[in-house]
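Inspection log for the structure reproduced underneath, given as structure tokens.
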């Protein structure tokens, strides 16, 4: 990439290219964006956002545009949102959220709307959620979660509901999980994880279960992983990773396995990667990355490879990218 960045976003566009946007650079909030072309392996600059931001979200809409929301910038917690048009490479502003927030989540629902949940803002931890309607460009208030939380996860289940897990709340790192029902706009509690954790990952497996990995909690960095079964609403322990890690990534590969990369462990920036096999519940070490990194991104390309971009590593902000395998 042309610039090192972390806490940025990476989105796989409908044309197969990867759009990287924003993040934190060397003493600056980035408003720049870059495109990766898998067929050549090259990066090119594209349109610039109106606001530099990090710890934001980016969602590919059903119309192919990319919606960026919130984050933190020079003016503090952002409630602004912007749309990227791949056909022109330009950004335009769209509706403004009711709350400025960062470290929140954004999920594209089956009806095409985008659900934003939680995060942290000027008033502290947020339990508020908002819905973006691409047909109008406007936001509306959605149901309120039981817990204010940030550095949590949100996963769209095969039944269309959204599962929110963990994060940091007023009582510390949370083991609670909640379900959002799009048809009613309401939240309901579901099974509780064994460990309160934030900065973890959550991946929807091909069997419909959700795999939560690692993260940080009261006892430090976790190597534990847990499975959520939507049919029962319960969690069960599954295989343990070789390394405790947070601020990492998890990608569901075309073969159904889950690739975890990098992150931060006990006083160490990790270049290790591990594979989870849902058929056995076991983890295995796979090839190492060239650079230890955390707060990076990982994107599954149409050719089945995983593109890792940027992050922070060994005292520097990385502009390097790597492909697995």
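In the numbering used here, the protein residues as written are 939 to 1263. Glycine included, C-beta positions come from ideal geometry on N, C-alpha and C.
| query | result |
| --- | --- |
| As a quick exercise: from 1009, 1077 and 1002, pick the residue whose alpha carbon is nearest that of residue 992. | 1009 |
| Which of the three DSSP states is assigned to residue 1191 in this structure? | coil |
| With DSSP collapsed to three states, give me the class of residue 986. | coil |
| Measure the beta-carbon distance from residue 998 to residue 951 and round it to whole angstroms, keeping in mind my assumption that it falls under 8 angstroms. | 7 angstroms |
| Measure from the alpha carbon of residue 1093 to the alpha carbon of each residue in 1109, 1189 and 1013, then state which is nearest. | 1189 |
| Using C-beta distances below 7 angstroms, list every residue in its chain close to residue 1108, excluding the 5 sequence neighbours before and after it, in chain order. | 1063 and 1086 |
| Residue 1154 and residue 1184: beta carbons closer than 7 angstroms? | yes |
| As a quick exercise: from 1128, 1231 and 1260, pick the residue whose alpha carbon is nearest that of residue 1239. | 1260 |
| Within 10 angstroms of the Cβ of residue 1263, are there 16 or more other Cβ atoms? Answer buried if so, exposed if not. | exposed |
| The beta strand (DSSP E) with residue 1004 in it runs from where to where? | 1004-1007 |
| Looking at the structure shown, is residue 1181 part of a helix, part of a strand, or coil, going by DSSP? | coil |
| Check whether the region 1166-1174 touches the region 1203-1217, taking contact to mean three or more Cβ pairs, one atom from each stretch, closer than 8 angstroms. | no |
| Buried or exposed for residue 949, please, with buried defined as at least 16 other CB atoms from any protein chain shown within 10 angstroms of its CB. | buried |
| Quick one: give me the first and last residue of the beta strand (DSSP E) that residue 1093 is part of. | 1091-1094 |
| DSSP three-state call for residue 1256: helix, strand or coil? | coil |
| With which residues is residue 1214 paired in a DSSP beta bridge? | 1196 and 1221 |
| Using the Cβ count rule (16 or more neighbours within 10 Å means buried), how would you classify residue 1082? | exposed |
| Taking three-plus beta-carbon pairs below 8 angstroms as touching, is the region 1005-1022 in contact with the region 1037-1057? | yes |
| In the DSSP assignment, what are the bridge partners of residue 1262? | 1244 |
| Run through DSSP, which three-state label would residue 1070 get? | strand |
| Please list, in chain order, all residues of the same chain as residue 1216 whose beta carbon is under 8 angstroms from its beta carbon, the five residues on each side excluded. | 1143, 1144, 1145, 1147, 1149, 1194, 1195 and 1196 |
| Whose C-beta lies closer than 8 angstroms to the C-beta of residue 1065 among residues of the same chain, with five residues either side of it excluded? | 1056, 1082, 1083, 1084, 1085, 1086 and 1087 |
| Where does residue 1082 fall in DSSP's three states? | coil |
| Taking just the CA atoms, how far does residue 1047 sit from residue 1255? | 33 angstroms |
| Should residue 1159 be labelled buried (16 or more other beta-carbon atoms within 10 Å of its own) or exposed? | buried |
| Between which two residues does the beta strand (DSSP E) containing residue 1141 stretch? | 1139-1142 |
| Who does residue 1098 pair with in a DSSP beta bridge? | Answer is none; residue 1098 lacks a bridge partner. |
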